[in-house]
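Residue numbers (our numbering): 383 to 495. No residue lacks a Cβ here, since even glycine has one placed at the ideal position from N, Cα and C. Taking it in order: structure first as structure tokens, then the write-up.
Have a look at this one:
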């Protein structure tokens, strides 16, 4: 049993050419998509570099803010300690003067009696 296939050579070549054209279009589409993706990757890389720079700046700024806050708190604490020390000295002076005055009044009172 033999099978005989009869098909015009022109039809076969036309079909092959059509398939090659379709493949060429597909390859071209893939190249276009690849070019777009490369552009997006480049853009994303630039964005990432920008974010890295911003992060570095924020870290530096944050450190400066922390040291400023420490300085402010230290100054406030030192001011509070000095103020309390001055108040304590004023109270001691007041009590000393009051006790001296009380002692003088007591002595004067004894002499008058």
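Shown here, residue 389 sits in coil according to DSSP, grouped into three states, outside any helix or strand. Exclusion of the five residues before and after residue 408 leaves no residue of its chain whose Cβ lies closer than 7 Å to its Cβ.
In this model, residue 401 and residue 391 are separated by some 15 Å (Cα to Cα). Our two residues, residue 473 and residue 451, have alpha carbons roughly 33 Å apart in a direct line.
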